[in-house]
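Numbers given in the numbering used here equal positions in the sequence shown, counted from 1, plus 2.
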Amino acid sequence: MTANKRIALSSDHAAIELRQAIAAHVEALGWEAVDIGPTSPESTHYPKHGEAAARLVASSDCALGIILCGTGQGIMMAANKVKGIRCGTCADTFSARMIRQHNNANMLSIGERVVGAGLAIDIVDAFLNAEFEGGRHATRVDMIVALES
Ligand code: RB5
Numbered sequence: 003m004t005a006n007k008r009i010a011l012s013s014d015h016a017a018i019e020l021r022q023a024i025a026a027h028v029e030a031l032g033w034e035a036v037d038i039g040p041t042s043p044e045s046t047h048y049p050k051h052g053e054a055a056a057r058l059v060a061s062s063d064c065a066l067g068i069i070l071c072g073t074g075q076g077i078m079m080a081a082n083k084v085k086g087i088r089c090g091t092c093a094d095t096f097s098a099r100m101i102r103q104h105n106n107a108n109m110l111s112i113g114e115r116v117v118g119a120g121l122a123i124d125i126v127d128a129f130l131n132a133e134f135e136g137g138r139h140a141t142r143v144d145m146i147v148a149l150e151s
């Protein structure tokens, strides 16, 4: 596990409450939650919030990122446009574990309208407790990284 214990969190208006619950949860686990909002329930645009969290991860300011929108899909697509980001949307704990173990994901996306709060917390735990396995998976992740240049 990395020494950087900072997790970037952002969402759009659809997932503010769940994002704040996840921020509190990761803080209780000993991580520093870098929650960049928004806090207003006003309708907003998920790409800018996904990008903002992704930039914190890509710059190594934060080791990992957790982002949310209604489905988790749009904000994930935006985050994945930032160089260095590997973000997966998960609605189950198996996928959340595997995106770390096999894909070396550095960001997790969750859909507030897809999963309940209890499952969302379990998904976060699965993601945070897993570690990249390297080996043959490193070759494949390197191939993903090569697509960026
Ligand atoms: C907002 O209504 C909704 O489109 C957004 O939260 C997300 O689901 C997009 O992918």
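Where a beta carbon is used, it is the ideal one built from N, C-alpha and C, also for glycine.
On a predicted model such as this, the values are computed, not experimentally measured, just so you know.
Simplified DSSP state of residue i, which is helix, strand or coil
{"i": "residue 68", "result": "strand"}
{"i": "residue 36", "result": "strand"}
{"i": "residue 76", "result": "helix"}
{"i": "residue 149", "result": "coil"}
{"i": "residue 18", "result": "helix"}
{"i": "residue 9", "result": "strand"}
{"i": "residue 112", "result": "strand"}
{"i": "residue 91", "result": "strand"}
{"i": "residue 84", "result": "coil"}
{"i": "residue 29", "result": "helix"}
Residue i beta carbon near the ligand PLP (any heavy atom closer than 7 Å)
{"i": "residue 52", "result": "Among the ligands modelled here, namely the ligand RB5, the ligand PLP does not occur."}
Any non-hydrogen atom of the ligand RB5 within 7 Å of residue i CB
{"i": "residue 30", "result": "no"}
{"i": "residue 75", "result": "yes"}
{"i": "residue 63", "result": "no"}
{"i": "residue 16", "result": "yes"}
{"i": "residue 72", "result": "yes"}
Expected contact under 8 Å - CB spacing of residue i and residue j to nearest Å
{"i": "residue 64", "j": "residue 9", "result": "6 Å"}
{"i": "residue 111", "j": "residue 89", "result": "6 Å"}
Cutoff 8 Å: residue i Cβ touching any chain D Cβ
{"i": "residue 87", "result": "Included in the structure is just one protein chain, with no chain D present."}
Quiz item: At what residue ranges does the stretch 116 to 141 contain a whole run of the alpha helix (DSSP H), taking only runs of 4 or more?
Solution: 119 to 131
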